[in-house]
Amino acid sequence: MANAMYTGDEICAMGQKYYHSLAKICKRLEKQGYWREAENMMKQSAAEVLDLYVQSVLVELAVRLDNISDGQKEYIRCLTQTNPLEISPDAEILEQSVVHYAEKYAAMPPILIQICGVYDRHLKEEQAVLFLDNVINVLLCMMELSDRFDRAGQEYIREYYERTVLFVCSGGVSPEWEESYIRHKLAARNICSGVKWLTGEESKKTEWQVNMPADKTDQRMLPETVTSDEVESEGNIQESPEDEQREARKEFEKVKKRLQERQKAEKEAKEQRVAKLLDELNQLVGLDNVKEEVRSLVNLIKVRRMREEYKLPAMDMSYHMVFTGNPGTGKTTVARLVARIYRELGILSEGQLIETDRSRLVAGYVGQTAINVREVVEQAIGGVLFIDEAYALVSPDTTNDYGSEAVDTLVKMMDHRDDLVVIVAGYREEMEQFLRSNTGLISRFNKFITFEDYSEQQLLEILTVMAEQAGMVVEDTAVKKLGLYLASMNEQERRGFGNARGVRNVFERMIVNQANRIVLLEEPTKEQLITLTAQDV
Numbered sequence: 044m045a046n047a048m049y050t051g052d053e054i055c056a057m058g059q060k061y062y063h064s065l066a067k068i069c070k071r072l073e074k075q076g077y078w079r080e081a082e083n084m085m086k087q088s089a090a091e092v093l094d095l096y097v098q099s100v101l102v103e104l105a106v107r108l109d110n111i112s113d114g115q116k117e118y119i120r121c122l123t124q125t126n127p128l129e130i131s132p133d134a135e136i137l138e139q140s141v142v143h144y145a146e147k148y149a150a151m152p153p154i155l156i157q158i159c160g161v162y163d164r165h166l167k168e169e170q171a172v173l174f175l176d177n178v179i180n181v182l183l184c185m186m187e188l189s190d191r192f193d194r195a196g197q198e199y200i201r202e203y204y205e206r207t208v209l210f211v212c213s214g215g216v217s218p219e220w221e222e223s224y225i226r227h228k229l230a231a232r233n234i235c236s237g238v239k240w241l242t243g244e245e246s247k248k249t250e251w252q253v254n255m256p257a258d259k260t261d262q263r264m265l266p267e268t269v270t271s272d273e274v275e276s277e278g279n280i281q282e283s284p285e286d287e288q289r290e291a292r293k294e295f296e297k298v299k300k301r302l303q304e305r306q307k308a309e310k311e312a313k314e315q316r317v318a319k320l321l322d323e324l325n326q327l328v329g330l331d332n333v334k335e336e337v338r339s340l341v342n343l344i345k346v347r348r349m350r351e352e353y354k355l356p357a358m359d360m361s362y363h364m365v366f367t368g369n370p371g372t373g374k375t376t377v378a379r380l381v382a383r384i385y386r387e388l389g390i391l392s393e394g395q396l397i398e399t400d401r402s403r404l405v406a407g408y409v410g411q412t413a414i415n416v417r418e419v420v421e422q423a424i425g426g427v428l429f430i431d432e433a434y435a436l437v438s439p440d441t442t443n444d445y446g447s448e449a450v451d452t453l454v455k456m457m458d459h460r461d462d463l464v465v466i467v468a469g470y471r472e473e474m475e476q477f478l479r480s481n482t483g484l485i486s487r488f489n490k491f492i493t494f495e496d497y498s499e500q501q502l503l504e505i506l507t508v509m510a511e512q513a514g515m516v517v518e519d520t521a522v523k524k525l526g527l528y529l530a531s532m533n534e535q536e537r538r539g540f541g542n543a544r545g546v547r548n549v550f551e552r553m554i555v556n557q558a559n560r561i562v563l564l565e566e567p568t569k570e571q572l573i574t575l576t577a578q579d580v
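Shown next as structure tokens:
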């Protein structure tokens, strides 16, 4: 609900006033040549960067608020001259991909404020302070559209101020006044300039402050553009001399270098994290062809990104996958690693794995199945949706089955979600039939990875790894006894054993048997407590 003193339209008008003040500052930077170097590097005008920056911090604030009204969503979408994040007017909530990009951009150093600082040092003005103050006013206007005293929103504005004020380079900011400034901004009934508070001057009414009338019947005043008389008059600003222009370029080169160093450090850190995850994959027992497939996929994504950087044509890629193989062959483990790798490569924003199956997706009556699927997909946005035994969704021999409704809904949602990867898993033959059951499925899954059964030696190695992770030791006699048991299985028994899942069951039973044996000893030693023997198999 909007502020009782002003209507939603009036509050939006205030936000527009402050946004236009920011636009004037950007126009001034371009006119005086201070944006030239930035534009060469970023390939964007100051106005374009402003729109993306303002919309990004508004999205960040929206994420923090307990509830977002329709008026606030429209404010985010329409405040700026353009809609750089392409926020849909029909979206009930902000899409995760939008939120991820906005948070990533807002976390970058505020280049506009940094260049305002260069401008200020040459012309002895306070454009960086003005810029920061106007952005905070834009945020306050958004909060005013529902609840100005939302604690989470106020905390975000405080955090935004604390991380951004560090880049205010005008030299007029006094640290002892900073807390007074932000307290004034958050506690004041009216949204107005607080520059005098930030620079340590008295907080009484000045030409910098325009307070709202307390009586709604009075003539209502919207805040004027918050600039000083000298700055407001474009004609009073003289063209910078050539030596000052050179100095400005030097200052910007420093900013540019810091940005490049930060980007390089972030890129190297991501590469290290991807390498660590691939190493974790390589440490899994067996799965040689799976490891090779995942490495090839990572390399393909990296090269595709390189081509995009050079503006080269890049073939469209689908990141959805089909895992085929018997139970216990590591499909879920690998899917979890793939989710984390995709996050580091920038394919996904969160990298979580949401596991599901038919029981969670398919309901017993019309309409509920589609709701179930949508709920699960929403949970998986930003990560991987892993559907085990996906072939069970379709039961061609069963009448009145709603599994096909689940598949239809899933296919539709895969079309409209960029920040989502779906991995379906199951037996090879059954999965082939599943993909043929819906014409939309086969076109969306073009990456197939086969998980082979583990050999007897690999199963024994898995047992050893499980024991090590549990702080246990398996005697050689116990390993040999289990090996003989595995070798004696026929094909049907082997399939029912469940590969690594079967080994896990055996290991847990061995722990129980060891406990039953150990409690009979009067004073067991540490070695006896950690050792699994042939008696425990």
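The sequence shown runs 44 to 580 under this note's numbering.
By construction, the Cβ of each residue, glycine as well, lies at the ideal position given by its N, Cα and C atoms.
LEU330 is the residue among ILE119, LEU330, THR520 whose C-alpha sits nearest the C-alpha of ALA543.
With a threshold of 16 other beta carbon atoms within 10 Å, ASN83 falls short and is exposed. Annotated three-state conformation of MET151 is coil, per DSSP. Here PHE192 is exposed: its Cβ has fewer than 16 other Cβ atoms, across all protein chains shown, within 10 Å.
For LEU404, the uninterrupted alpha helix (DSSP H) run begins and ends at 401 to 404, by DSSP. When rounded, the separation of the alpha-carbon atoms in GLU387 and ILE424 is 16 Å. Counting only the Cα atoms, VAL546 lies some 10 Å from MET553. Annotated three-state conformation of THR568 is coil, per DSSP.
Look at LYS345 here: in three-state DSSP terms it is helix. Only residues of its own chain outside the window of five on either side were considered, and among them ILE561 have a CB closer than 7 Å to the CB of PRO567, listed in chain order.
In the DSSP assignment, VAL365 forms a beta bridge with VAL467, PHE491.
For VAL427, the enclosing beta strand (DSSP E) covers residues 427 to 430. Per DSSP, the unbroken alpha helix (DSSP H) holding LYS374 starts and ends at 374 to 387. Taking the C-beta atoms as reference points, PHE429 is found nearer than 8 Å to THR375.
Note that the C-beta distance between MET185 and GLY51 is not below 8 Å.
Your pair SER480 and VAL450 checks out as a contact, with CB atoms roughly 7 Å apart and the cut at 8 Å. Cβ-Cβ separation between LEU95 and CYS69: approximately 12 Å, too far for a contact (criterion under 8 Å). Non-local beta-carbon contacts of TYR199 in its own chain, meaning distances under 6 Å to residues more than five positions away in sequence, involve LEU104, ARG107 in chain order. With a contact defined as Cβ atoms closer than 8 Å, VAL427 and ALA382 qualify at about 4 Å. Secondary-structure assignment with DSSP links ILE561 through no beta bridge to anything.
Between the alpha carbons of ASP579 and ASP496 lies a distance of about 25 Å.
Non-local C-beta neighbours of VAL516 in its own chain, meaning closer than 6 Å and more than five positions away in sequence, comprise ILE573, THR574, ordered along the chain.
DSSP, reduced to helix, strand and coil, places ILE397 within a strand of the structure shown.
Excluding the 5 residues flanking it on each side, VAL100 has same chain C-beta neighbours closer than 7 Å at ALA149, VAL178, LEU182, TYR203, in chain order.
Counting along the chain, THR452 sits inside the alpha helix (DSSP H) bounded by residues 446 to 458. Counting along the chain, MET84 sits inside the alpha helix (DSSP H) bounded by residues 79 to 85. Nearest to LEU173 by C-alpha distance, out of GLU418, GLU311, CYS235, GLN512, is CYS235. Counting along the chain, THR576 sits inside no alpha helix (DSSP H), nor does DSSP assign it H or E at all. Taken in chain order, the unbroken stretches of alpha helix (DSSP H) that lie wholly in the stretch 471 to 541 and span 4 residues or more are 471 to 479, 482 to 487, 499 to 512, 519 to 530, 534 to 540.
Taken through DSSP and simplified to helix, strand or coil, VAL92 comes out as helix. Sequence-distant partners of PHE477 (beyond 5 residues in either direction) whose C-beta falls short of 8 Å from its own C-beta, in its chain, are ALA433, TYR434, LEU436, VAL437, VAL467, GLY469, LEU484.
Boundaries of the alpha helix (DSSP H) around TYR199: 194 to 207.
With at least 16 other beta carbons inside 10 angstroms of its own, ILE384 counts as buried. Within the same chain, Cβ atoms closer than 7 Å to the Cβ of PRO370 are found at GLY541, ASN542, ARG544, the five residues on either side in sequence being excluded. Here THR207 is not near LEU229, since their CB atoms are 8 Å or more apart. When the beta-carbon positions are compared, SER140 and ASP462 come within less than 8 Å of each other.
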